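*Asks:*
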Amino acid sequence: MKTTYTGGEGSGPTYEIEADRHGNYTVKLGGKVVKRVSSLASYRGKPAWGSRKLEEDAIEDAKKAIESFKTHEA
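For what it's worth, our numbering labels the leading residue of the sequence shown as 5, then goes sequentially.
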């Protein structure tokens, strides 16, 4: 899933978030990757085809990471 998110409560730059159903995500700003996170390859109970919940959690994690960036606070 691809989505956009503007940090700093709507006053910061707009980031692009790409997440998949396995919990991996990439955050881009202006086409450049600023953060990439890969989930564990396997763990007990992990769905083989991924899940919508893992995808949603990855997007929420990406939003938290964006809020922790210092670039939009200047």
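Ideal Cβ placement from N, Cα and C applies to all residues, glycine included.
Since this is a predicted model, take the numbers as computed values, not measurements.
Roughly how many angstroms lie between the CA atoms of Asp65 and Leu58, to the nearest whole one?
*Replies:* Asp65 and Leu58: Cα-Cα distance of roughly 10 Å.
*Asks:* Does DSSP classify Ala78 as helix, strand or coil?
*Replies:* Interpretation of Ala78 is limited by its pLDDT of 46, a score under 50 that renders its predicted location unreliable; the figure taken from the coordinates is listed afterwards. Coil.
*Asks:* How is the beta strand (DSSP E) around Lys32 delimited, first residue to last?
*Replies:* From DSSP, the beta strand (DSSP E) with Lys32 extends over Tyr29 to Leu33.
*Asks:* Compute the Euclidean distance between the alpha carbons of Lys32 and Ala45, then round it to the nearest angstrom.
*Replies:* The straight-line gap from Cα to Cα measures roughly 23 Å.
*Asks:* What would DSSP say about Lys50, mapped onto helix, strand or coil?
*Replies:* Three-state result, Lys50: coil.
*Asks:* Can you tell me which of Asn28, Arg56, Glu13 and Asp24 puts its alpha carbon nearest to the alpha carbon of Phe73?
*Replies:* It is Glu13.
*Asks:* Which residue marks the beginning of the beta strand (DSSP E) containing Glu13, and which one marks its end?
*Replies:* Counting along the chain, Glu13 falls outside any beta strand (DSSP E), and DSSP gives it neither H nor E.
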